[in-house]
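I have placed the structure first, in the form of structure tokens, so that the comments after it can refer back to it.
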Amino acid sequence: MSAGATKVTSDRGTLRRGLSLAPEMTKGFGWTLLLALVATSSQVIVPLTLQRAIDHGILAPGGVDLGVVRWTCALAALGVVVAGVCSYVMNVRLFRASERGLATLRRKAFAHVHALSTLTLNASRRGSMVSRVTSDVDQISMFVQRGGMMLIVSIGQLLVATILMLWYSGPLAIFVWICFLPLFFLLRYFQRLVGRAYAVVRERVADMLSTISESVAGAATVRLFGIQPRTQERMDDAIEAQRKAAIGAQIRAVGAFVSGQGVSGAALILVIIAGAWMGANGHMTIGEITAFVFLTNLFTQPVQTATEVLNDLQNALAGWRRVIELLDTPLEVVPPAQPQSLSAGAKSVQLDHVDFAYSTDADLVLRDVDATIAPGTSVAVVGETGSGKSTLAKLLTRLVDPTSGVVLVGGLDLRDVDDASLREAVAYLPQEGFLFTGTIADNVRFARPDLDDAGVERAFVGIGCEDWLVRQPEGVRTEVGARGSRLSAGERQIVALARTYVTDPDVLILDEATSSVDPSTDVAVGRALDELMRGRTSVVIAHRLATAEKADEVWVMDAGRLVQRGSHVELVGADGPYRRLHEGWVASHAE
Ligand SMILES: Nc1ncnc2c1ncn2[C@@H]1O[C@H](COP(=O)(O)OP(=O)(O)OP(=O)(O)O)[C@@H](O)[C@H]1O
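The numbers in full-length UniProt numbering rise by one with no breaks, and the one at position 227 of the sequence shown is 227.
Below you can see the structure in the form of structure tokens.
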């Protein structure tokens, strides 16, 4: 997606911003950190007690002191239990906090997708949006739940191990650090390398999901046109690109991990050699050397872990960046600062010298459209394909805002109207009413959740389609299938019309269906439309002669301009584009 307004580039910036978007993730973090520290500190009790047990118990000057061995073992056991309990509680807390935070992030991302205008949604591929809300957030969750916790423990472990190593032997502790210093630089290098590789992976995953969702949504078209091989090829390419990117990133990550392991092993050997030398020269006791080897292990673990965490972290950062980019995509239709509500009752609709272009560098698709519709009257908008009819409908429903000029409903500039009030007062019916999986009643109820089955039935009576409803196998409880696939196009329209009817809007904007439906359904749809439009201010993008004839006024659009307006009878009588359009309609009917 190209529309990221604020580019967050630095890892730290991304992390800070990401966490601020999901504050639940860091809520109570202090306690979690404390638990991590207690767990880590308890772990180091083992090498400490081991040293005591060897030096003051087993190798005690006066012979084996079983008392010391006993209490040191008991202390070690206590350390292990405390470490286990703290680690358990810490994990649960971390898991809860991260899941809450991720849910918020998903919700925010999803809400933003809905708030984005249809333009942005068209421009950036929907699959990419889906991947931002799903798999990108999953990557963040993997890091926060696994890597994040490991990182906290590791840092604590590194600190505690260093302090204790310094306590036992300053020179040997410094020696261990010197052995690991090259690894820290190597890790920085790998971090950059792995980071870039994972950014590519996230993009490839998004591409793949886009391709999959498009192929699934267009499955029928693919089959009808026999383009399975081409579609399969596109899918294969997307999957292959994702596979290659993932392997490339994994190879780099494994490189980082193996370097960590190599350096850790080498350091341990060097410590044993150096320890043995120091022991031989009387600088350290056997117990201290043993404890030191344990501590070195405690030190190397986090360093190795860091290489693994790096993997998750880079993947998560790449995901986080994409989620942030989505959230930073500016809304084209900005909510009003001081929202106003539309008053109840019939409303006028006015276009005041409206120009519109789909983007700043595109040509105007509507030019100086200036007209008013009186409350309760109907307008049929006609014109050649591409003349701007649907764009006009988008402006009237505020799916987009004018480039210049004003759209007013009930005397209010739509840009000042509260969204809920606008959706209540102005209903839009697209050519293909979108139905969700569920029953007919569920779909009608979306608009009015309080409605019972009888209320839904009344809606069908209201639009004159009760005969159609009784023919459905289970009445209002008939399942419509995914996206209404069990109903015909015309039947889907009937349900969509009933859904609009129950919202009782004051203004209706509808795009008349062009798809032909069987005659009886066609009659039912026509009747429903008439019922729905009765007494309401209506704008119909008309594709049929009958609709234009019935409307109080006809608007003729041509190349983005409103070139003619008047009643059907007036316009047919005048020499102009409408008459030509009308002749075309009549001719096509006569065929
Ligand atoms: N999302 C979009 N982005 C960019 N340009 C668009 C977009 N939608 C429509 N257009 C352009 O705007 C112009 C008007 O399109 P519009 O869909 O309003 O025409 P229409 O009269 O409704 O056509 P039809 O009768 O075929 O539906 C066309 O040139 C079209 O290419």
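No residue lacks a Cβ here, since even glycine has one placed at the ideal position from N, Cα and C. The structure displayed is predicted, hence computed values, not measured ones.
Ligand 1 has no heavy atom closer than 7 angstroms to the beta-carbon of T360. In the three-state reduction of the DSSP assignment, Y501 falls in the helix class. DSSP places R486 outside both helix and strand once states are collapsed to three, so it counts as coil. In the structure shown, R536 falls within a coil segment according to DSSP collapsed to helix, strand and coil. Per DSSP, L33 is one residue of the alpha helix (DSSP H) stretching across 29 to 43.
For the 8 angstroms CB-CB criterion, A253 and S154 do not form a contact.
Separation of A380 and L508 (C-alpha to C-alpha, rounded to the nearest whole angstrom) is 12 angstroms.
If only uninterrupted alpha helix (DSSP H) runs of at least 4 residues are considered, those enclosed by the region 132 to 219 are 135 to 142, 148 to 168, 170 to 217. Pairing L469 with E457 gives a Cβ-Cβ distance under 8 angstroms. Its chain contains A197, Y198, V201 as the residues whose beta carbon lies nearer than 6 angstroms to that of A249, once the 5 sequence neighbours on both sides are disregarded; these appear in chain order. By the Cβ-count criterion, Y578 is buried, with 16 or more other Cβ atoms from all chains shown falling within 10 Å of its own Cβ.
DSSP, reduced to helix, strand and coil, places D370 within a strand of the structure shown.
Cβ contact annotation for M533 (same chain, cutoff 7 angstroms, sequence separation greater than five): S378, L508, in chain order. In the three-state reduction of the DSSP assignment, Y358 falls in the coil class. In this structure the region 341 to 358 lies against the region 402 to 410, because at least three pairs of beta carbons, one per stretch, are closer than 8 angstroms.
V354 has its Cβ no nearer than 7 angstroms to any heavy atom of ligand 1. The DSSP assignment places complete alpha helix (DSSP H) segments of no fewer than 4 residues inside the region 540 to 583 at 545 to 550, 568 to 573, in order along the chain. The three-state secondary structure of L395, taken from DSSP, is helix. In terms of CA proximity to D138, V323 leads the group V323, G376, S588. Note on geometry: alpha-carbon atoms of V92 and W31 lie some 12 angstroms from one another.
Under the DSSP assignment, G383 falls outside any alpha helix (DSSP H), being part of the beta strand (DSSP E) whose first and last residues are 378 to 383.
Distance from the C-beta of G383 to the nearest heavy atom of ligand 1 is below 7 angstroms. If you ignore the 5 residues before and after S41, its C-beta comes within less than 7 angstroms of the C-beta of V160, all in its own chain and listed in chain order.
Looking at T397, C465, D558, D55, the one whose alpha-carbon comes closest to that of G386 is D558. Residue pairing of S348 in beta bridges, as defined by DSSP: absent, with no partner found. For G433, the number of other beta carbons within 10 angstroms of its own is at least 16, and it is reported as buried. In this structure, L562 and V369 form a Cβ contact; the two beta carbons are roughly 5 angstroms apart against a cut-off of 8 angstroms. Where A427 is concerned, the enclosing beta strand (DSSP E) starts and stops at 426 to 429. Annotation: H353 to A109 spans about 36 angstroms, alpha carbon to alpha carbon. In the assembly as shown, I541 is a buried residue. Its beta-carbon has 16 or more other beta-carbons within 10 Å. By a beta-carbon distance limit of 8 angstroms, V382 contacts L581. Their separation comes to about 6 angstroms. Annotation for M557 indicates a beta carbon within 7 angstroms of some heavy atom of ligand 1.
Taking a 10 Å sphere around the C-beta of N281, we find fewer than 16 other C-beta atoms and assign the residue as exposed. Rounded to whole angstroms, L414 and A256 show a C-alpha spacing of 56 angstroms. Contact between the region 171 to 184 and the region 284 to 304 is present: three or more C-beta pairs spanning the two stretches fall below 8 angstroms.
Nearest to T503 by alpha-carbon distance, out of L571, N443, E424, S538, is E424.
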